[in-house]
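**Student:** Protein sequence lines correspond, in order, to chains A and B. Quick note: the first sequence uses our numbering, first residue 6, plus one each step. Quick note: the second sequence uses our numbering, first residue 195, plus one each step.
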Amino acid sequence: MLYREAGDFKTSYASDNQTFPIRFDRVAYWVVMAFAFLVLPMIMGDYWANSVVVPFLIYVIAALGLNILIGYTGLLSLGTAAFMAVGAYATFKLTTSFPGMPIYIVFLLSGLITSAVGVLFGLPSLKIKGFYLAVATLAAQFFLIWLFTRVGWFFNYSTTGQISMPERSMFGVLITGASASSTAVYFTCLIFVVGMAWLARNLTRGTVGRSWMAIRDMDIAAEIIGVNPLIAKLSAFAVSSFFVGVAGALTFAVYLGAAEAGEAFGINKSFLVLFMVIIGGLGSILGSFLGAAFLVVLPVILKLLLVDTLGWPADLARHLEVMIIGALIIIVLIAEPHGIAALWRTIKDKLRLWPFPH
Amino acid sequence: MKMTKLAAVLAATLVAAPAVAQDLHFPMLNYRTGPFAPGGIPFADGYQDYLTLINQRDGGIGGLPIRTSECETAYNTERGVECYESIRGDNPLILQPLSTGITYQLIPRVTADGIPLHTMGYGRTSALEGETFPWVFNYPANYWDGASVAINYLLEQNEDSLEGKKIVLIYHNSAYGREPIPTLENLSERYGFELVEVPVDSPGQEQSSQWLQIRRERPDYVIMWGWGVMNAVAIQEAANIRFPMDHFIGIWWSGSENDVVPVGAGADGYTALTFHGVGRDYPVYEDIQTYVVDRGMAAGNGDQIGSAVYSRGLYAAMLAVEAARTAQELAGHAQITAAEMRTGMEHLSITEERLTELGLPNFSAPFDVSCQNHGGSGAAMMQQWDADTQTWSLITDWIQSDRELIGELATADAAAYAAENSITPGCL
């Protein structure tokens with residue numbers, strides 16, 4: 006009843022090709038946007054902004070980036086955290102070398118630098134794929150982290166190897182540093198998420214995205230029909246690393262404020278983003294949001310429920326949290342091997358026909 | 195986006211009602227889980243047991259009960275930040291994260307929010323410059339003191355000359371482990387010993403290549419900056435290559451029972467630094483037995499009492515309570531704020547008489563904190579492990595660190611921090 010195409014006539018090519026062909030989706034999209042931009046900042050406290058919503062938004066960007074690589078192009082990468090580190094260290098170097106540079110420009114430039122590094126480490130993908138490529142990107146993970154902890158130039162020769170974000174503002178509002186308001190931080194992340202999700206959605210709908218998917222489905226066939234594998238694979242690495250780099254820059258600059266390559270961008274983080282993509286759904290923009298929510302928001306909600314509401318000891322709750330999340334991952338993957346996004350797709354198909362079974 | 199909405203709804207329902215009762219909030223950022231739990235558990239137990247003792251025996255501080263809250267960080271910086279965000283609105287008086295990584299995240303935040311941060315024997319060393327870091331304290335000793343005390347001890351052992359000696363620093367490859375390097379480099383130039391740095395990546399379960407390198411280097415001494423599982427593995431590897439244990443010196447975080455017991459007899463003679471007494475031979479432990487353990491209120495499993503890191507947690511809690519007491523005296527009322535607590539910490543004076551009153555005679559070196567010096571005395575002792583009796587025993591008296599050199603290095607580092615973050619140093 007709610008969710009149907011009947012009566013929604015497409016009278017032009019533009020309306021036929023729009024992102025959300027169903028009216029309900031379009032309305033839902035605008036409702037969510039209005040909620041995120043207008044309502045959420047009003048009702049959300051500092052705690053929720055700084056420790057739940059902001060990391061969620063940042064991980065969405067990282068998951069979108071990795072989804073482009075794994076979900077759309079079929080290239081497995083285990084170096085996500087290292088590319089996030091590239092974004093973070095690029096931000097640090099740029100903003101300490103050019104303090105006057107607008108911070109949003111710094112984030113975008115950090116993304117571009119990461120993009121270049123990503124292309125470099127993407128070169129082996131022209132020859133190898135699957136597990137072999139995963140191992141090559143694993144090398145990126147170890148090499149880059151090693152570089153950032155050993156070469157003093159990257160952390161301005163600070164004695165501990167920690168990088169700390171100085172205070173920077175944009176349009177007269179403080180964005181980074183401890184005094185920045187949670188609203189400013191939230192809007193910064195939200196603007197980047199909306200912009201990048203829009204970019205990802207439209208890239209994957211167009212020629213570039215179709216060439217990525219052709220490579221994913223069968224690279225030899227794609228080559229025969231005229232897709233250049235060199236351009237398709239390297240562009241996937243470039244775009245993916247751009248997203249991941251911006252996520253790393255935001256993690257360091259607005260979320261953590263200080264970071265250290267080995268601790269903040271270790272291999273665990275690579276796996277975390279990979280799990281987000283797999284649980285959320287490969288090759289789905291919505292899946293990146295759902296996957297990030299599952300692995301970032303759920304643990305905090307469990308903690309609040311067990312420790313703050315039920316009053317259980319913090320360590321017991323933490324052990325239980327690990328078990329519950331682990332069990333949920335297995336249950337989700339057994340019930341829906343293609344991720345939570347596929348579950349949503351099934352519901353959508355059922356809703357379209359409802360109340361008729363066929 | 196769907197989840198965000200759900201989260202917001204849950205947030206609205208889960209926000210707890212603010213406490214109206216008068217109390218002093220001492221939050222605990224513990225880690226009883228994760229790879230560093232063997233170090234986090236005894237510290238947390240010692241900290242909590244001492245606060246329970248104060249509540250049970252004295253009815254709190256100045257008549258006000260202490261309220262504790264626990265947040266699990268798992269030694270992870272992101273969780274540490276989440277914990278900080280969750281307690282900062284709840285009038286916390288003092289934060290002790292027991293993690294150098296989390297400390298670095300918290301320094302700018304506590305400075306902006308006005309909450310005192312006490313990093314006892316860890317954290318950012320240059321925070322001893324109280325004028326640049328008004329909200330951060332690292333008394334009674336810091337890593338650079340540790341490095342300097344270790345070298346002073348070795349000088350004592352070698353008739354005041356380390357000329358031509360070779361000393362290896364094996365360290366946890368993180369902000370924590372890298373802290374002593376500038377001091378040791380400086381001291382190596384001054385005393386003419388050769389310093390070889392050997393990093394171990396976290397968590398440090400695998401160190402055979404590092405110890406192969408150490409074996410090849412044939413050092414006279416090995417100094418270790420380790421934490422968690424890395425310590426026991428390093429001591430095991432040293433025992434395997436038959437490195438003389440009394441030439442192997444650990445920082446205070448590498449000197450707990452957990453580090454030496456797994457190695458068995460091979461660890462006999464291993465030495466480590468400590469900035470407080472060890473063992474249970476202090477009157478305060480009788481009170482802990484009477485008021486805490488016998489009443490069934492011991493933290494955790496209650497099996498850590500008297501261990502080296504437990505003593506450190508107890509010491510940290512004792513200093514926090516003493517600072518709160520000082521703050522109450524200065525403020526003239528019992529319900530102190532975080533800002534008054536900071537003033538109390540800045541005027542903290544630990545004397546031998548006070549220690550005896552507290553049931554901890556000669557447990558710590560006497561020290562005074564001031565606005566210029568947030569770093570305390572910087573003195574430490576050496577403790578040695580006896581594998582037969584399974585005890586640590588103190589083998590030296592207090593050894594003073596080279597505070598002149600440390601002051602110079604700290605001033606330079608603090609000045610760089612002040613310039614980077616546009617801070618004008620000064621007393622609050």
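For each residue, glycine too, the CB sits at the ideal point set by N, CA and C.
1. Which bits of chain B does Asp-222 (chain A) rub up against, with CB to CB less than 9 Å?
2. Report the partner residues of Lys-360 (chain B) according to the DSSP bridge assignment.
3. Whose Cβ in chain A lies nearer than 9 Å to the Cβ of Glu-431 (chain B)?
4. Which bits of chain A does Glu-279 (chain B) rub up against, with CB to CB less than 8 Å?
5. Ala-243 (chain A): which of A:Ile-283, A:Trp-53 and A:Leu-80 sits nearest, CA to CA?
6. May I have the straight-line CA-CA distance separating Tyr-146 (chain B) from Ile-336 (chain A), to the nearest angstrom?
7. Ala-306 (chain B) versus chain A: which residues are under 7 Å apart at the beta carbon?
8. DSSP three-state label for Asn-55 (chain A), please.
9. Quick one: give me the first and last residue of the alpha helix (DSSP H) that Tyr-347 (chain B) is part of.
10. Give every residue of the same chain whose Cβ lies closer than 8 Å to the Cβ of Asn-615 (chain B), excluding the five residues on either side of it in the sequence, and list them in chain order.
11. May I ask which residues mark the beginning and end of the alpha helix (DSSP H) holding Phe-14 (chain A)?
12. Applying the 10 Å Cβ sphere with the 16-neighbour rule, what's the burial state of Tyr-162 (chain A)?
13. Tell me Tyr-365 (chain B)'s beta-bridge partners as DSSP assigns them.
14. What are the boundary residues of the beta strand (DSSP E) that Arg-261 (chain B) is part of?
15. Report the rounded CA-to-CA distance for Pro-418 (chain B) versus Gly-444 (chain B), giving the unit in angstroms.
16. Could you check the C-alpha separation between Leu-603 (chain B) and Ser-320 (chain B) for me, to the nearest Å?
17. Using the Cα positions of Ala-521 (chain B) and Ala-461 (chain B), report the straight-line distance between them to the nearest angstrom.
18. Contact defined as beta carbons within less than 8 Å: I believe Leu-300 (chain B) pairs with Leu-311 (chain B). What is the distance between those atoms, to the nearest angstrom?
19. Can you pull out the residues from the region 245 to 265 of chain A whose beta carbon lies closer than 7 Å to at least one beta carbon of chain B?
20. With H, G and I counted as helix, E and B as strand and the rest as coil, what does DSSP make of Gln-577 (chain B)?
21. Residues of chain B with a CB under 7 Å from the CB of His-324 (chain A): which are they?
22. Let me know the secondary structure DSSP gives Leu-287 (chain A) once reduced to three states.
23. I need the DSSP call for Asn-567 (chain B), collapsed to helix, strand or coil.
24. Could you tell me the distance, in whole angstroms, from the CA atom of Leu-325 (chain A) to the CA atom of Leu-138 (chain A)?
25. Output yes or no for whether 8 Å exceeds the beta carbon distance between Gly-233 (chain B) and Trp-446 (chain B).
26. Does chain B have any CB closer than 8 Å to the CB of Tyr-8 (chain A)?
27. Within 10 Å of its beta-carbon, does Val-305 (chain A) have 16 or more other beta-carbons around it, so buried, or fewer, so exposed?
28. Which residues, in chain order, does the region 394 to 417 of chain B contribute to contact with chain A at a C-beta distance below 8 Å?
29. Is there a C-beta anywhere in chain B that falls below 8 Å from the one on Pro-342 (chain A)?
30. For Pro-171 (chain A), go through chain B and note every residue whose CB falls closer than 9 Å to its CB, in chain order.
31. So, are the CB atoms of Val-394 (chain B) and Tyr-347 (chain B) less than 8 Å apart?
32. Under a three-way DSSP split, which group does Ile-255 (chain B) fall into?
33. Does any CB atom of chain B fall closer than 8 Å to the CB of Val-305 (chain A)?
34. Leaving out five residues on either side along the sequence, give the residues of the same chain with a beta carbon under 6 Å from the beta carbon of Trp-338 (chain B).
35. Taking all protein chains shown into account, do 16 or more other C-beta atoms lie within 10 angstroms of the C-beta of Met-106 (chain A), making it buried, or fewer, making it exposed?
36. Going by the CB atoms, is the gap between Phe-160 (chain A) and Ile-150 (chain A) shorter than 8 Å?
**Tutor:** On the basis of the data shown:
1. In the first sequence, counting from the first residue as 1, residue 222 (chain A) sits at position 217. None at all; the shortest Cβ gap to chain B is about 29 Å.
2. To locate residue 360 (chain B), count along the second sequence from 1; it is residue 166. Note: Lys-360 (chain B) is bridge-paired with B:Glu-388 in the DSSP secondary-structure output.
3. Residue mapping note: residue 431 (chain B) aligns to position 237 of the second sequence, counting from 1. Those do not exist, as Glu-431 (chain B) stays about 21 Å from chain A at its closest Cβ, beyond 9 Å.
4. The residue labelled residue 279 (chain B) in the question sits at position 85 within the second sequence. In chain order: Asp-51, Tyr-52, Asn-55 and Ser-56.
5. Working through the first sequence from its first residue, we reach residue 243 (chain A) at position 238. Minimum Cα distance to Ala-243 (chain A) is reached at A:Leu-80.
6. Outside the shown range of chain B, which is 195 to 622, sits residue 146 (chain B), and nothing can be said about it.
7. For the purposes of this step, residue 306 (chain B) is taken as residue 112 along the second sequence, with counting starting at 1. Those are Ala-183 and Ser-184, listed as they occur along chain A.
8. By 1-based counting over the first sequence, the position of residue 55 (chain A) is 50. Of the three classes helix, strand and coil, the one that applies to Asn-55 (chain A) here is helix, per DSSP.
9. The sequence position of residue 347 (chain B) within the second sequence is 153, counting from 1. Counting along the chain, the alpha helix (DSSP H) containing Tyr-347 (chain B) begins and ends at 337 to 351.
10. In the second sequence, residue 615 (chain B) corresponds to position 421, counting from 1. For Asn-615 (chain B), the CB contacts under 8 Å within the same chain, skipping 5 residues up- and downstream, are Pro-302 in chain order.
11. Within the first sequence, the letter at position 9 stands for residue 14 (chain A). Careful: Phe-14 (chain A) lies outside any alpha helix (DSSP H) and carries neither H nor E.
12. Residue numbering aside, residue 162 (chain A) sits at position 157 when the first sequence is read from its first letter. So Tyr-162 (chain A) ends up on the exposed side.
13. Position 171 of the second sequence, counted from the first residue, corresponds to residue 365 (chain B). Looking at the DSSP assignment, Tyr-365 (chain B) forms a beta bridge with B:Pro-393 and B:Trp-419.
14. For this step, residue 261 (chain B) is matched to residue 67 along the second sequence. Residues 260 to 266.
15. The residue you call residue 418 (chain B) lines up with position 224 of the second sequence. The residue you call residue 444 (chain B) lines up with position 250 of the second sequence. The displayed chain sequence assigns Met, not Pro, to residue 418 (chain B). Inter-residue distance for Met-418 (chain B) and Gly-444 (chain B) is about 5 Å (C-alpha atoms, whole angstroms).
16. Locating residue 603 (chain B) in the second sequence gives position 409, where the first residue counts as 1. Locating residue 320 (chain B) in the second sequence gives position 126, where the first residue counts as 1. C-alpha separation (whole angstroms): 8 Å.
17. Residue mapping note: residue 521 (chain B) aligns to position 327 of the second sequence, counting from 1. Residue mapping note: residue 461 (chain B) aligns to position 267 of the second sequence, counting from 1. Between Ala-521 (chain B) and Ala-461 (chain B), the C-alpha separation is close to 44 Å.
18. Counted from its first residue, the second sequence places residue 300 (chain B) at position 106. Counted from its first residue, the second sequence places residue 311 (chain B) at position 117. About 6 Å; that satisfies the 8 Å criterion.
19. For the region 245 to 265 of chain A, the set of positions with a beta-carbon nearer than 7 Å to some beta-carbon of chain B reads Leu-261, Gly-262, Ala-263 and Glu-265 in chain order.
20. Taking the second sequence and counting its residues from 1, the one referred to as residue 577 (chain B) is at position 383. DSSP places Gln-577 (chain B) in the strand class (E or B) of the three-state scheme.
21. Within the first sequence, residue 324 (chain A) is the residue found at index 319, counting from 1. Against chain B, a Cβ distance below 7 Å from His-324 (chain A) picks out Thr-227.
22. Start at 1 with the first residue of the first sequence, and residue 287 (chain A) comes out as number 282. Under the three-state reduction of DSSP output, Leu-287 (chain A) falls in the coil class, being neither helix nor strand.
23. The count along the second sequence starts at 1 and reaches residue 567 (chain B) at position 373. Reduced to three states, the DSSP call for Asn-567 (chain B) is strand.
24. As a position in the first sequence, residue 325 (chain A) is number 320, starting the count at 1. As a position in the first sequence, residue 138 (chain A) is number 133, starting the count at 1. Looking at the backbone, the Cα of Leu-325 (chain A) and that of Leu-138 (chain A) are separated by about 35 Å.
25. Residue 233 (chain B) sits at position 39 when you count from the first residue of the second sequence. Residue 446 (chain B) sits at position 252 when you count from the first residue of the second sequence. Taking 8 Å as the Cβ cut-off, Gly-233 (chain B) and Trp-446 (chain B) do not qualify as a contacting pair.
26. Residue mapping note: residue 8 (chain A) aligns to position 3 of the first sequence, counting from 1. At a cut-off of 8 Å, the C-beta of Tyr-8 (chain A) has no neighbouring C-beta in chain B.
27. Taking the first sequence and counting its residues from 1, one reaches residue 305 (chain A) at position 300. Val-305 (chain A) comes out buried.
28. Within the region 394 to 417 of chain B, those residues whose Cβ lies closer than 8 Å to any Cβ of chain A are, in chain order, Asp-395 and Ser-396.
29. Translated into the one-based positions of the first sequence, residue 342 (chain A) becomes position 337. For Pro-342 (chain A), the answer is no, since every Cβ of chain B falls outside 8 Å of its Cβ.
30. By 1-based counting over the first sequence, the position of residue 171 (chain A) is 166. The contacting residues are Glu-614, Asn-615 and Ser-616.
31. Mapped onto the second sequence, residue 394 (chain B) falls at position 200. Mapped onto the second sequence, residue 347 (chain B) falls at position 153. Their beta carbons are not under 8 Å apart, which means Val-394 (chain B) does not touch Tyr-347 (chain B) by this criterion.
32. On the second sequence, residue 255 (chain B) is found 61 positions in, with the first residue counted as 1. Taken through DSSP and simplified to helix, strand or coil, Ile-255 (chain B) comes out as strand.
33. One-based indexing of the first sequence puts residue 305 (chain A) at position 300. Flagged as an interface residue toward chain B: Val-305 (chain A), by a C-beta distance shorter than 8 Å.
34. If you number the second sequence from 1, residue 338 (chain B) lands on position 144. Correct list, in chain order: Thr-319, Thr-377 and Ile-600.
35. Your numbering for residue 106 (chain A) matches position 101 in the first sequence. By the neighbour-count definition (other C-beta atoms within 10 Å, threshold 16), Met-106 (chain A) is an exposed residue.
36. Here residue 150 (chain A) refers to the residue found at position 145 when the first sequence is read from its first residue. Here residue 160 (chain A) refers to the residue found at position 155 when the first sequence is read from its first residue. Not in contact: Ile-150 (chain A) and Phe-160 (chain A) (Cβ atoms no closer than 8 Å).
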